[in-house]
Amino acid sequence: TVEDRREADGVLVWHLPLPGAVKEELSLVRRGDELLLTAGPFRRNLPLPGALRRCTVTGAGLVDGDLRVRFTPDPGLWPRTP
Numbered sequence: 770t771v772e773d774r775r776e777a778d779g780v781l782v783w784h785l786p787l788p789g790a791v792k793e794e795l796s797l798v799r800r801g802d803e804l805l806l807t808a809g810p811f812r813r814n815l816p817l818p819g820a821l822r823r824c825t826v827t828g829a830g831l832v833d834g835d836l837r838v839r840f841t842p843d844p845g846l847w848p849r850t851p
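Start counting the sequence shown at 770; every next residue gets the next number (our numbering).
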């Protein structure tokens, strides 16, 4: 299950359950509209949800088997409101 949660500071956080994952064995790479995730010997290409495609990855952390990837909206990619 993947969830988008908007925090009070305007940052979007994508929660990815990774039970048994070890921080030292994790690797994340943003490539276009995908996030490439490596956890030990396992590798997955995760398509980003629409809102996150218009954001920049600003960090990630592993908390109790939950990978939390932080995204900041890119003002150049979001429509302006009048």
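Every residue gets a Cβ at the ideal spot worked out from N, C-alpha and C, and that includes glycine.
Model, not experiment: these values are computed from the prediction.
For residue i, does the three-state DSSP call read helix, strand or coil?
| i | result |
| --- | --- |
| Arg823 | coil |
| Leu785 | strand |
| Pro816 | strand |
| Thr842 | One detail in the question is off: residue 842 reads as Pro in this sequence, not Thr. Strand at Pro842. |
Quick one: measure Cβ to Cβ for residue i and residue j, integer angstroms, because I've assumed they're closer than 8 Å.
| i | j | result |
| --- | --- | --- |
| Trp783 | Leu831 | Trp783 to Leu831, Cβ: 13 Å. No contact. |
For residue i, which option in the options has the closest C-alpha, if you only look at C-alpha atoms?
| i | options | result |
| --- | --- | --- |
| Asp819 | Asp835, Phe840, Ala790 | Checking the sequence, you will find Gly at residue 819 rather than Asp. Looking at the Cα atoms, Phe840 is the closest of the given residues. |
| Leu785 | Gly779, Gly845, Pro816 | Pro816 |
| Asp833 | Leu787, Thr827, Gly779 | Leu787 |
| Arg823 | Asp778, Arg813, Gly809, Asp802 | Asp802 |
| Leu836 | Leu846, Asp778, Thr807 | Thr807 |
| Val791 | Gly845, Pro844, Pro810 | Pro810 |
Quick check on the burial criterion: 16 or more other C-beta atoms within 10 angstroms. Buried or exposed for residue i?
| i | result |
| --- | --- |
| Ser796 | exposed |
| Leu804 | buried |
Under 8 Å between the Cβ atoms of residue i and residue j?
| i | j | result |
| --- | --- | --- |
| Val780 | Thr827 | yes |
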